[in-house]
Amino acid sequence: MNYKQNFAQEVYDHVDSGESIKSCMGCGVCAISCPLTKHMDYSPRRVFAMIRAGQREQVLGSRDIMLCTSCYSCIVRCPRKVRVMDVMHGLAHYALEQGYVPRKDTMTFGRKFWNSIYKLGKIDETKVANQYMLADGLIPGIKKGLEMIDMALTMVLKKRMKLIPERPIKGVKGLRKMLDKAQEMEGKGGHK
Amino acid sequence: MKDYFLYWGCSLEASASNYLTSINAIGKPLGMNFHELKDWNCCGASISYIGGTEMSVHTLAARNLALAEAQGGYDIVAPCSSCYVILNRSNREMLEDPELMKKVNVILAEGNMKYSGSIKARHILDVLVNDVGVNKIKAAVKKPLKGVKIAGYVGCQSVRPFGEYDSKEAPVSMDTILQALGAEAVKFPSKMRCCGSGIFLTEMEKAFDLIDRILGDAQSHGAKIIATACPMCQMNLEAYQKKLNQAKGTHYEVPIVFISQLMALAFGLDYKKDAALHQQFVSPEPYLKSAMA
Chain A
599 MNYKQNFAQE
609 VYDHVDSGES
619 IKSCMGCGVC
629 AISCPLTKHM
639 DYSPRRVFAM
649 IRAGQREQVL
659 GSRDIMLCTS
669 CYSCIVRCPR
679 KVRVMDVMHG
689 LAHYALEQGY
699 VPRKDTMTFG
709 RKFWNSIYKL
719 GKIDETKVAN
729 QYMLADGLIP
739 GIKKGLEMID
749 MALTMVLKKR
759 MKLIPERPIK
769 GVKGLRKMLD
779 KAQEMEGKGG
789 HK
Chain B
1054 MKDYFLYWGC
1064 SLEASASNYL
1074 TSINAIGKPL
1084 GMNFHELKDW
1094 NCCGASISYI
1104 GGTEMSVHTL
1114 AARNLALAEA
1124 QGGYDIVAPC
1134 SSCYVILNRS
1144 NREMLEDPEL
1154 MKKVNVILAE
1164 GNMKYSGSIK
1174 ARHILDVLVN
1184 DVGVNKIKAA
1194 VKKPLKGVKI
1204 AGYVGCQSVR
1214 PFGEYDSKEA
1224 PVSMDTILQA
1234 LGAEAVKFPS
1244 KMRCCGSGIF
1254 LTEMEKAFDL
1264 IDRILGDAQS
1274 HGAKIIATAC
1284 PMCQMNLEAY
1294 QKKLNQAKGT
1304 HYEVPIVFIS
1314 QLMALAFGLD
1324 YKKDAALHQQ
1334 FVSPEPYLKS
1344 AMA
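Taken in order, these protein sequences are the chains called A and B.
Using our numbering, the first residue of the first sequence is number 599, and each one after it goes up by one.
Using our numbering, the first residue of the second sequence is number 1054, and each one after it goes up by one.
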């Protein structure tokens, strides 16, 4: 097994909210509160312990760091006020930046989502969903699309899907400048 | 009449258009004057961490707060829990940390904007219970939802992480409203369980477990309808029900409605035009017949 002694320091320095794990005492309340723990290889608690142990490869390549639904259960219940959810998000962002792909579909969806914000200032639900489905090419896209078609049709019938593409917000240029500045100011990562 | 900015967010323009319709309908009878927050941007939602950093998410929130400050300074009301939690959390962190507020203002200046910290970002449940109040809601009821068993599903982000207006673990505001409408608020243990949020699109199998538990729980405790105050909860519980049935052999056919839709109906407003209840995947009509008569 690979160990990188200063990995914890790397996390404190480069991962959003990374420093907050310094307070973790390993009690595992986050792990039992998380609705997705049973689908994880480790758990938030074990991921934090692995960071301290210097298991860089295993942590940044772990599928666990990209399964968070942002339900805030861990944050609310942590007796040490560790920003568990934010650390998991930060780790996912940092892992992607470092060339790891913990979950490809989630990465694709997340990037399409963020691109829509950067381009339009808002989310075009229809477009983001289509782009996500077609990300692997036309044939897998059609296959994914067919699985969802009855749901999509119901959305259209119930007038709950926009058929006209979303237009950018008026201040989109200013927003992009702000997002660029945010990336430049914060040493810890940025948008892609 | 009290003035608010209604920050409807991306969902209410499309997949949760029934939420927006019904919120606009209940505004007047409850004395809420909703203003549009002009040129608002997306909050980033739960998946923003892939493409964005904490600072870029603060930027998205701060731009909306700055718009509210410039356009009249009313409280922002977010009907979407995700929008609410992000706007509110960034706002609180900026107020607690003057350094952060300074940094964010350097960013806002790139677009010739500024934010001083005077805006409150609030969830619609908070405003309904604490500004409007139960008595006013009761007074507006013309057709009580008498005897209708409804599970008030609160989910994650409506009260977590701060519990500003209700308990983080055992909130009551949703049930208070349901009871004010004359309905029977069914108690069920999954009230605060996560619906799966955005992972439905990418990890459907894992998300099935989550909604199976919520739907099953509500049903076994007698609920005929589930009410929510979050577009993501509504969408996941409703639109994926059929797929869950196919995948797991369950037989759910539970109407999932927004609390504001039930309010519109109980206020005697139109089932379609105001409550927009014809837009549900599973019709709640059979259970609401008495109120509609």
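Here a beta-carbon is modelled for each residue, glycine too, at the ideal position from N, C-alpha and C.
On a predicted model such as this, the values are computed, not experimentally measured, just so you know.
Can you tell me whether residue i is helix, strand or coil according to DSSP?
{"i": "M1257(B)", "result": "helix"}
{"i": "H1274(B)", "result": "coil"}
{"i": "F646(A)", "result": "helix"}
{"i": "F605(A)", "result": "helix"}
{"i": "L1118(B)", "result": "helix"}
{"i": "N1071(B)", "result": "helix"}
{"i": "Y1324(B)", "result": "coil"}
{"i": "D1008(B)", "result": "Here chain B has residues from 1054 to 1346 only, and residue 1008(B) is not among them."}
{"i": "I767(A)", "result": "coil"}
{"i": "A693(A)", "result": "helix"}
{"i": "A1346(B)", "result": "coil"}
{"i": "Y610(A)", "result": "helix"}
{"i": "R758(A)", "result": "coil"}
{"i": "Q1333(B)", "result": "coil"}
{"i": "L665(A)", "result": "coil"}
{"i": "I1103(B)", "result": "helix"}
{"i": "H637(A)", "result": "helix"}
{"i": "L732(A)", "result": "coil"}
{"i": "M599(A)", "result": "coil"}
{"i": "Y1137(B)", "result": "helix"}
{"i": "D1219(B)", "result": "coil"}
{"i": "N1144(B)", "result": "helix"}
{"i": "A1319(B)", "result": "helix"}
{"i": "W1093(B)", "result": "coil"}
{"i": "D722(A)", "result": "coil"}
{"i": "H1304(B)", "result": "coil"}
{"i": "V1110(B)", "result": "helix"}
{"i": "R774(A)", "result": "helix"}
{"i": "E782(A)", "result": "helix"}
{"i": "V1180(B)", "result": "helix"}
Taking a contact to mean a Cβ-Cβ separation below 7 angstroms, would you say residue i touches residue j in this structure?
{"i": "F1058(B)", "j": "A1121(B)", "result": "yes"}
{"i": "L1268(B)", "j": "Y1305(B)", "result": "yes"}
{"i": "S641(A)", "j": "D684(A)", "result": "no"}
{"i": "C1358(B)", "j": "Y670(A)", "result": "Residue coverage of chain B in this structure runs from 1054 to 1346, which leaves residue 1358(B) outside it and unanswerable."}
{"i": "A1319(B)", "j": "K1202(B)", "result": "no"}
{"i": "S1313(B)", "j": "I1079(B)", "result": "yes"}
{"i": "N1071(B)", "j": "Q1332(B)", "result": "yes"}
{"i": "G1205(B)", "j": "A1280(B)", "result": "yes"}
{"i": "I649(A)", "j": "V609(A)", "result": "yes"}
{"i": "G659(A)", "j": "R643(A)", "result": "no"}
{"i": "I1278(B)", "j": "L1290(B)", "result": "no"}
{"i": "E723(A)", "j": "S1068(B)", "result": "yes"}
{"i": "A690(A)", "j": "I673(A)", "result": "no"}
{"i": "S631(A)", "j": "R675(A)", "result": "yes"}
{"i": "Y1102(B)", "j": "H637(A)", "result": "no"}
Provide the residue span of the alpha helix (DSSP H) that contains residue i, from first to last.
{"i": "N713(A)", "result": "702-718"}
{"i": "I1160(B)", "result": "1151-1162"}
{"i": "R675(A)", "result": "671-675"}
{"i": "R654(A)", "result": "654-658"}
{"i": "S631(A)", "result": "627-631"}
{"i": "E1066(B)", "result": "Element bounds for E1066(B): n/a, residue is neither H nor E."}
{"i": "V1187(B)", "result": "1187-1193"}
{"i": "K1301(B)", "result": "1294-1301"}
So if DSSP puts residue i in a beta bridge, which residue, or which two residues, is it bridged to?
{"i": "K1202(B)", "result": "E1237(B)"}
{"i": "V1310(B)", "result": "A1280(B)"}
{"i": "R1387(B)", "result": "Nothing can be reported for residue 1387(B), as the shown portion of chain B is limited to 1054 through 1346."}
Hey, could you find the ends of the beta strand (DSSP E) residue i is sitting in?
{"i": "N1086(B)", "result": "1085-1089"}
{"i": "K1055(B)", "result": "1055-1059"}
{"i": "A1174(B)", "result": "1174-1176"}
Could you check whether the Cβ of residue i sits closer than 7 angstroms to any Cβ belonging to chain D?
{"i": "F1334(B)", "result": "Among the protein chains of the structure shown, namely A and B, there is no chain D."}
Hey, would you say the C-beta of residue i is under 6 angstroms away from at least one heavy atom of the ligand ATP?
{"i": "L1161(B)", "result": "Here there are no bound small molecules, and the ligand ATP is not part of this structure."}
**Message:** So, does the stretch 706-715 of chain A touch the stretch 736-751 of chain A, judging by three or more C-beta pairs under 8 angstroms?
**Reply:** Contact between the stretch 706-715 of chain A and the stretch 736-751 of chain A is absent, with fewer than three C-beta pairs closer than 8 angstroms.
**Request:** Report yes or no: do three or more beta-carbon pairs, one from the stretch 1230-1239 of chain B and one from the stretch 680-696 of chain A, lie closer than 8 angstroms?
**Result:** Cβ pair count under 8 angstroms is below three, so no.
**Cβ contact check for the stretch 1082-1101 of chain B and the stretch 1184-1191 of chain B: 3 or more pairs under 8 angstroms** = By the Cβ rule, the stretch 1082-1101 of chain B counts as touching the stretch 1184-1191 of chain B, because three or more pairs are nearer than 8 angstroms.
**Message:** When you compare the stretch 1247-1259 of chain B with the stretch 1166-1180 of chain B, are there three or more beta-carbon pairs, one atom per stretch, that lie closer than 8 angstroms?
**Reply:** Not touching, per the Cβ criterion.
**Prompt:** Counting pairs of beta carbons, one from the stretch 1105-1120 of chain B and one from the stretch 725-735 of chain A, are three or more of them closer than 8 angstroms?
**Reply:** Flag = no, the stretch 1105-1120 of chain B and the stretch 725-735 of chain A do not touch.
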